[in-house]
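Residue numbers (this note's numbering): 251 to 576.
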């Protein structure tokens with residue numbers, strides 16, 4: 251009875267998906283009704299399969315279905331609502347569904363119709379429905395991501411043509427919006443690929459600008475303009491914080507912090523050399539003052555093993571000179 255209209259609806263949805271699943275929503279309520287109509291046929295078809303396994307007391311089937319979905323909706327974080335022709339679909343992992351089926355066998359037995367064959371049929375029905383719906387949802391979200399990526403690329407093209415660095419920040423913000431959408435996709439390989447793709451856009455955009463600041467910093471170090479070099483590295487650090495890495499796992503942040511410490515170490519080395527010259531001239535108190543100045547600079551460094559070695563070395567110099575005075 252249902253094969254002809256069902257095939258029509260399946261083909262129609264596949265056509266929509268291939269073109270752009272957002273059309274399903276952009277064209278408004280007619281296409282939403284088309285989706286819901288398809289869903290209705292799917293449910294009715296699957297119930298025919300339930301009938302084929304020879305269950306006599308079908309009046310309990312609706313109780314099982316309602317009980318199952320009530321459980322999934324409330325306790326397993328499923329979402330299913332239609333508001334203003336905008337569908338938010340049921341989704342979760344297959345493991346959670348199977349876990350609930352196993353745990354809830356006794357509850358289903360209590361309403362008088364549970365058997366292993368029915369459980370498997372019900373599970374297949376749920377899996378099929380969820381696979382369809384989550385695929386559509388991910389395609390819809392992916393279609394929202396695409397224009398953001400294209401927009402970000404165009405902004406970067408302007409950057410290459412000599413526009414302000416502000417355009418670089420704009421591109422990063424656009425890619426960030428795309429990443430936020432990608433993170434809302436249903437768990438799947440498609441989601442992981444999309445997140446990785448958008449993260450690469452963000453990170454590569456950040457790295458391109460970071461390189462500019464690092465190069466400037468290196469030039470200042472060569473000229474012994476250490477304060478200017480530090481300023482450039484701090485600017486690079488502010489950009490690196492926008493990179494799409496898990497918290498405390500950003501290799502570029504670690505690299506930049508080490509570079510900051512290296513510049514401070516070069517600055518400290520120059521100051522200590524001045525102090526050592528004063529020691530040679532027997533101006534011990536002046537040398538101590540110089541060494542204390544070097545020690546104060548270490549407070550600006552990032553805490554690392556190398557930084558602690560630097561601190562201990564300077565304290566040792568100060569202690570030795572103080573012993574000479576005493």
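All residues carry an ideal CB built from backbone N, CA and C; glycine is no exception.
- Burial check for residue 402: the Cβ neighbour count within 10 Å reaches 16 or more, so the residue is buried.
- Here residue 552 carries a coil assignment [DSSP, helix/strand/coil].
- Exclusion of the five residues before and after residue 435 leaves 388, 391, 441 and 444 as the residues of its chain whose Cβ lies within less than 7 Å of its Cβ.
- Under the three-state reduction of DSSP, residue 388 is assigned to helix.
- Distances from the alpha-carbon of residue 395 to those of 405, 467, 416 and 425 put 425 closest.
- Distances from the CA of residue 555 to each of 515, 571, 461 and 428 were compared; the closest alpha carbon is that of 515.
- Here residue 474 is exposed. Its C-beta has fewer than 16 other C-beta atoms within 10 Å.
- Contact between the region 528 to 543 and the region 551 to 569 is present, with at least three C-beta pairs closer than 8 Å.
- For residue 489, the CB contacts under 7 Å within the same chain, skipping 5 residues up- and downstream, are 456, 459 and 460 in chain order.
- Residue 436: not part of any alpha helix (DSSP H); DSSP gives it neither H nor E.
- In the three-state scheme derived from DSSP, where H, G and I count as helix and E and B as strand, residue 537 is classed as helix.
- In this structure residue 399 touches residue 451 by the C-beta definition: roughly 7 Å separates them, less than 8 Å.
- About 7 Å separates the beta carbons of residue 561 and residue 545, which is inside the 8 Å limit, making them a contact pair.
- Distances from the CA of residue 504 to each of 553, 472 and 420 were compared; the closest alpha carbon is that of 553.
- In this structure, DSSP gives residue 493 a state outside helix and strand, which the three-state scheme calls coil.
- Taking 8 Å as the cut-off, the beta carbon of residue 517 is found no closer than this to the beta carbon of residue 484.
- For residue 557, same chain residues with a beta-carbon under 7 Å away, outside a window of 5 residues either side, are 511, 548 and 551 in chain order.
- Here the alpha carbons of residue 416 and residue 498 stand approximately 27 Å from one another.
- Here DSSP, grouped into helix, strand and coil, assigns residue 500 to coil.
- Counting only the Cα atoms, residue 449 lies some 11 Å from residue 427.
- Between residue 447 and residue 463, the C-beta spacing is not below 8 Å.
- Pairing residue 385 with residue 453, the inter-Cα distance amounts to about 28 Å.
- About 6 Å separates the CB atoms of residue 471 and residue 513; that is less than 8 Å, so the two are in contact.
- Between residue 492 and residue 564, the C-beta spacing is not below 8 Å.
- Cβ atoms of residue 405 and residue 420 come within 8 Å of each other, at about 5 Å.
- Annotated three-state conformation of residue 532 is coil, per DSSP.
- With a cutoff of 8 Å on beta-carbon distance, residue 486 and residue 506 are scored as near each other.
- Counting the other Cβ atoms within 10 Å of the Cβ of residue 418 gives 16 or more, which makes it buried.
- Shown here for residue 408: same chain residues with a beta carbon closer than 7 Å to its own, the five before and five after excluded, namely 417 in chain order.
- Taking C-alpha positions only, residue 494 is separated from residue 542 by approximately 40 Å.
- For residue 467, the CB contacts under 6 Å within the same chain, skipping 5 residues up- and downstream, are 479, 482 and 483 in chain order.
- Exposed is the label assigned to residue 465, since fewer than 16 other Cβ atoms lie within 10 Å of its Cβ.
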